[in-house]
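Peer 1:
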Amino acid sequence: MVLALMVSLLAGLATSIGGALVLNEKTLQRNFLAVALAFAAGAMIIISLIQIIPLGISYMSEITSERNSMLIVWLSFFAGIALVMVIDRVLPDVLNPNEMEGRERSLTVGDTHSTQKLMRSGMLVALVLGLHNFPEGMATFFTTYQDATVGITLAVAIAIHNVPEGIAVAAPVYAATGSKRKAFWWATFSGMTEPLGGLFAAAVVSWVVPAEFFGIFYGTVAGMMVFLALDELLPGAWRYQTDKHQTIYGMLGGMAIMALSFILFAKG
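For the sequence shown, the residue numbers in this note's numbering are 247 to 514.
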């Protein structure tokens, strides 16, 4: 059980690596920020559609037909989109002015609205990725608990795709605030729900979690991630790009890296 918890913790800490990668002066250059945001968007979209949705359908298929499973998960997907829209409305447009201190001039002097948008993006992405990482932590724990070799392999795959997730959180927060500490800890926070998921799994290891819970949960989280990628990250990338191809190249790069991780860690 201790090994399973440690594996969940280490997989979650990979978001800190992503956060650390962006903490240099190049991060606040418009072209780097555009590519980083687009990269994160591409990674989030492909994770949601290629990994999370099929996983949700797989869980639902344990209790109902494939057609009903797809219906429930896709309804959950659009419910997740609606949920983020509500959160976006509730989250105030005007953030603490102290959060904006220290931003670099490379983001355009006095562009307060842009820094507010960046900070909102970072906060929303951290929230949604935190939700996404919680069941991943549970999955890592249960898998490692049953088979350490398979569990560690799964954790490595999760850690690889947690790195760009850390970038997705840290890049906008650092660009908005100029604070390396805040950017790093927001990225770390988004990954720490993974060991929390492991702890939850350890607490209920003898209790069978209903399959429909995971089906609906994964569908909802996938919808939230896709909406954030399309509504927050990609528009941010377009705002800061200095070349018309930077956003599309960054997005395709994020998709390619995640596709490679899927292939490398596929069974068989």
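By construction, the Cβ of each residue, glycine as well, lies at the ideal position given by its N, Cα and C atoms.
Can you give the beta carbon distance from TYR486 to LEU269, rounded, assuming they're within the 8 Å contact cut?
Peer 2: In the sequence shown, counting from the first residue as 1, residue 486 sits at position 240. In the sequence shown, counting from the first residue as 1, residue 269 sits at position 23. TYR486 to LEU269, Cβ: 18 Å. No contact.
Peer 1: Going by C-alpha to C-alpha distance, which of ILE503, ARG276 and GLY496 sits closest to ALA405?
Peer 2: For the purposes of this step, residue 405 is taken as the residue at position 159 of the sequence shown. It is ILE503 whose Cα lies nearest to the Cα of ALA405.
Peer 1: Could you give the distance in angstroms between the alpha-carbon of ASN379 and the alpha-carbon of ALA483?
Peer 2: Here the question's residue 379 lines up with position 133 in the sequence shown. Here the question's residue 483 lines up with position 237 in the sequence shown. Approximately 24 Å between the Cα atoms of the pair.
Peer 1: Which residues bound the alpha helix (DSSP H) around ILE303?
Peer 2: Counting from 1 along the sequence shown, the entry for residue 303 is found at position 57. Its alpha helix (DSSP H) spans residues 299 to 306.
Peer 1: Identify whether LYS426 lies in helix, strand or coil by the three-state DSSP scheme.
Peer 2: To locate residue 426, count along the sequence shown from 1; it is residue 180. LYS426: helix per DSSP, three-state reduction.
Peer 1: Kindly give me the distance between the Cβ atoms of GLY368 and VAL332, rounded to whole angstroms, as I take these residues to be in contact under 8 Å.
Peer 2: The residue you call residue 368 lines up with position 122 of the sequence shown. The residue you call residue 332 lines up with position 86 of the sequence shown. Not really, about 19 Å apart at Cβ, beyond 8 Å.
Peer 1: Going by DSSP, what residue range makes up the alpha helix (DSSP H) through THR310?
Peer 2: Numbered from 1 along the sequence shown, position 64 holds the residue referred to as residue 310. First-last for THR310: undefined, no H or E at that position.
Peer 1: Identify, in the order they occur along the chain, each residue of the same chain with its Cβ nearer than 6 Å to the Cβ of GLY376, setting aside the five sequence neighbours on each side.
Peer 2: In the sequence shown, counting from the first residue as 1, residue 376 sits at position 130. So the list reads SER436 and THR439, once near-sequence residues are dropped.
Peer 1: Would you call the region 302 to 310 and the region 456 to 468 touching, i.e. three or more CB-CB distances under 8 Å?
Peer 2: Yes, the region 302 to 310 is in contact with the region 456 to 468.
Peer 1: Are PRO418 and LEU283 closer than 9 Å when you measure CB to CB?
Peer 2: Start at 1 with the first residue of the sequence shown, and residue 418 comes out as number 172. Start at 1 with the first residue of the sequence shown, and residue 283 comes out as number 37. The answer is yes: Cβ separation under 9 Å.
Peer 1: Here's the rule: buried if 16 or more other CB atoms are within 10 angstroms of the residue's CB, otherwise exposed. What is LEU373?
Peer 2: Counting from 1 along the sequence shown, the entry for residue 373 is found at position 127. When all chains shown are included, LEU373 counts as buried.
Peer 1: Grouping DSSP H, G and I as helix and E and B as strand, with all else coil, what is PHE511?
Peer 2: Your numbering for residue 511 matches position 265 in the sequence shown. Looking at PHE511 - three-state DSSP - the assignment turns out to be coil, as it is neither helix nor strand.
Peer 1: Relative to the C-alpha of GLY326, which candidate in VAL472, LEU479, LYS490 and ASN408 has its C-alpha closest?
Peer 2: On the sequence shown, position 80 is the one that residue 326 refers to. Among VAL472, LEU479, LYS490 and ASN408, the Cα nearest to that of GLY326 is on VAL472.
Peer 1: Contact check, MET497 vs GLY288 under 8 Å by CB: the rounded distance?
Peer 2: Start at 1 with the first residue of the sequence shown, and residue 497 comes out as number 251. Start at 1 with the first residue of the sequence shown, and residue 288 comes out as number 42. With 8 Å as the limit, MET497 and GLY288 qualify as a contact, their Cβ atoms being about 4 Å apart.
Peer 1: Write down every uninterrupted run of the alpha helix (DSSP H) in the region 453 to 506 whose length is 4 residues or greater and which is fully enclosed by it, in chain order.
Peer 2: If we require 4 residues or more, the alpha helix (DSSP H) runs fully inside the region 453 to 506 come out as 457 to 474 and 480 to 486.
Peer 1: Reducing DSSP to helix, strand and coil, say where VAL268 ends up.
Peer 2: Translated into the one-based positions of the sequence shown, residue 268 becomes position 22. The answer is coil: DSSP assigns VAL268 none of H, G, I, E or B.
Peer 1: Report the CB separation of VAL253 from THR390 in whole angstroms; it is logged as a contact under 8 Å.
Peer 2: As a working mapping, residue 253 is identified with position 7 in the sequence shown. As a working mapping, residue 390 is identified with position 144 in the sequence shown. That pair is a contact at about 5 Å.
Peer 1: When you compare only the Cα positions, how much space is there between THR386 and PHE459?
Peer 2: Numbered from 1 along the sequence shown, position 140 holds the residue referred to as residue 386. Numbered from 1 along the sequence shown, position 213 holds the residue referred to as residue 459. Computed Cα separation, rounded: 17 Å.
Peer 1: Can you list, in chain order, the residues of its chain whose CB lies under 6 Å from that of THR261, leaving out five sequence neighbours each side?
Peer 2: What you label residue 261 is simply residue 15 of the sequence shown in a count that begins at 1. Closer than 6 Å at Cβ, skipping near neighbours: ASN408, GLU411, GLY412, ALA433, SER436 and GLY437.
Peer 1: Select from GLY469, ALA394, SER507 and ALA505 the residue whose C-alpha is nearest the C-alpha of ILE318.
Peer 2: The residue labelled residue 318 in the question sits at position 72 within the sequence shown. Here the closest residue by C-alpha is GLY469.
Peer 1: Once DSSP output is grouped into helix, strand and coil, what is the label at VAL450?
Peer 2: On the sequence shown, position 204 is the one that residue 450 refers to. Note: VAL450 maps to coil in three-state DSSP.
Peer 1: What residue range is occupied by the uninterrupted alpha helix (DSSP H) comprising SER254?
Peer 2: The residue you call residue 254 lines up with position 8 of the sequence shown. From DSSP, the alpha helix (DSSP H) with SER254 extends over 248 to 258.
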